[in-house]
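For the sequence shown, position 212 matches number 257 in my numbering, and the numbering has no gaps at all. Using N, Cα and C, we set each Cβ at its ideal position, and we do this for glycine too.
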Amino acid sequence: MHASLIAVALAASAATYTWPDPQQNGLVLVNANQDMAVYLRKHPDWFRAGELVLDLSVRNQNDAAAAARERDDIVAQLAGKGLTAGTYTSGTTVEPLAAIQLWPFDKAPVEWMPPHFASTGSWPGDAARKMVDVRDHRARRALQEGMRRLWRQTGAPIRFVDNAAAHSSTGGTLPWQAYCDNMREIRLMAESMGSRVAFNVAMHPAMLSDADMAQLIAAVGAGNGILMEDPWGAATRESADLSARAQTRYRQLLNAGIAIVALTGNVPPAALLAWVASWRRRNDRLYIGWPFFKDPGKRPWEETTK
46 MHASLIAVAL
56 AASAATYTWP
66 DPQQNGLVLV
76 NANQDMAVYL
86 RKHPDWFRAG
96 ELVLDLSVRN
106 QNDAAAAARE
116 RDDIVAQLAG
126 KGLTAGTYTS
136 GTTVEPLAAI
146 QLWPFDKAPV
156 EWMPPHFAST
166 GSWPGDAARK
176 MVDVRDHRAR
186 RALQEGMRRL
196 WRQTGAPIRF
206 VDNAAAHSST
216 GGTLPWQAYC
226 DNMREIRLMA
236 ESMGSRVAFN
246 VAMHPAMLSD
256 ADMAQLIAAV
266 GAGNGILMED
276 PWGAATRESA
286 DLSARAQTRY
296 RQLLNAGIAI
306 VALTGNVPPA
316 ALLAWVASWR
326 RRNDRLYIGW
336 PFFKDPGKRP
346 WEETTK
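Okay, structure coming up:
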């Protein structure tokens, strides 16, 4: 192993964040913004000590210093209620500095990339936002150095990395190994800086091969997490065989010490909860992603345990 990677791996012990107890805190709040302060004030009963706010950003409005102070104030309010807040960063895209509207920056600025860096094109509907070709080592390293620079500006116990990987089952066009190499390097970087990381991975778990799973588990690493936007897709729900395969893949991830945050946007919450409750185990680090502006009511898993 290269000496620099050895140093990063040895520093990984600095990452001390522990995911919440799912029996008490089965929700993870996602995509939080400056309006979080309003809901903390008006609906304090919606939030429970120990819960994780996976990512918190505020509008920059061309005043980064003011945005940083506003975010710090919200983080302090959350900490006062026993909640933890992470940051949001794209793991494969960059954007011109003038177009970045959030603090902390949600993408590394394209100005920080080398001239004529390897790209696979523009983000759909956003010509200025470029997708980095993570097969290219020079472009990938530059992207990661940009992320490191952002993370040095804003400390956090956990980093949510969006757009991290897209499996061929969801239309991904790059080799799965290239995505996993990028995630592994980002994960080692985050751990060396004292943070855990949760990756947004677009995939249908039932469609992953054994080799795909081995690469994914090695990339994400124990103690870190995966966010699933479509955790039980329509095709999988309609097939008992595919549902069983998906369950097996989820068990592999959980047994490897990887946390899972499942969003309910593409499946009714009650249906997803019932399916997951049929196979989850009591101590599984498995959470339901929830919007901070919606009354959560009863937390999942308090009684539905196996």
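Put residue i into one of helix, strand or coil per three-state DSSP.
| i | result |
| --- | --- |
| residue 281 | helix |
| residue 66 | coil |
| residue 148 | strand |
| residue 130 | strand |
| residue 185 | helix |
| residue 48 | With a pLDDT of only 43 at residue 48, under the threshold of 50, the placement of this residue in the model should not be trusted, and no figure is reported. |
| residue 98 | strand |
| residue 312 | coil |
| residue 325 | coil |
| residue 291 | helix |
| residue 215 | helix |
| residue 263 | helix |
| residue 296 | helix |
| residue 201 | coil |
| residue 347 | coil |
Tell me residue i's beta-bridge partners as DSSP assigns them.
| i | result |
| --- | --- |
| residue 164 | 177 |
| residue 135 | 207 |
| residue 336 | 75 |
| residue 140 | 154 |
| residue 195 | BP columns for residue 195 are empty, so no partner. |
| residue 244 | 206 and 271 |
| residue 103 | 148 |
| residue 171 | 168 |
| residue 331 | 305 |
Considering only C-alpha positions, which residue in the set the options is nearest to residue i?
| i | options | result |
| --- | --- | --- |
| residue 281 | 320, 124 and 81 | 320 |
| residue 152 | 279, 300 and 176 | 176 |
| residue 104 | 306, 149, 94 and 189 | 149 |
| residue 127 | 65, 101, 110 and 162 | 65 |
| residue 297 | 315, 169 and 251 | 251 |
| residue 308 | 299, 273, 339 and 107 | 273 |
| residue 216 | 115, 76, 249 and 143 | 249 |
| residue 90 | 162, 106 and 340 | 340 |
| residue 337 | 75, 67 and 174 | 75 |
| residue 92 | 117, 106, 125 and 115 | 125 |
| residue 198 | 345, 238, 211 and 162 | 238 |
| residue 306 | 254, 330, 293 and 63 | 330 |
| residue 311 | 294, 334, 304 and 289 | 334 |
| residue 82 | 117, 62, 111 and 284 | 117 |
| residue 158 | 123, 187 and 213 | 187 |
| residue 141 | 121, 172 and 111 | 172 |
| residue 155 | 139, 313, 192 and 169 | 139 |
| residue 109 | 143, 347 and 184 | 143 |
| residue 63 | 304, 344 and 166 | 304 |
| residue 288 | 253, 121 and 301 | 253 |
| residue 300 | 315, 343, 314 and 258 | 258 |
Would the beta-carbon of residue i fall within 8 Å of that of residue j?
| i | j | result |
| --- | --- | --- |
| residue 232 | residue 202 | no |
| residue 78 | residue 96 | no |
| residue 279 | residue 229 | no |
| residue 101 | residue 119 | yes |
| residue 209 | residue 132 | no |
| residue 277 | residue 317 | yes |
| residue 189 | residue 234 | yes |
| residue 195 | residue 134 | yes |
| residue 243 | residue 268 | no |
| residue 68 | residue 324 | no |
| residue 179 | residue 227 | yes |
| residue 205 | residue 85 | no |
| residue 72 | residue 295 | no |
| residue 112 | residue 106 | yes |
For the alpha helix (DSSP H) holding residue i, just list the boundary residues, first then last.
| i | result |
| --- | --- |
| residue 251 | Taken as a continuous stretch (DSSP letters only), residue 251 belongs to no alpha helix (DSSP H), as it is neither H nor E. |
| residue 224 | 221 to 237 |
| residue 271 | Segment 270 to 273 is the beta strand (DSSP E) holding residue 271; no alpha helix (DSSP H) there. |
| residue 308 | Segment: none, residue 308 is in no alpha helix (DSSP H) and carries neither H nor E. |
| residue 118 | 109 to 125 |
| residue 86 | 81 to 87 |
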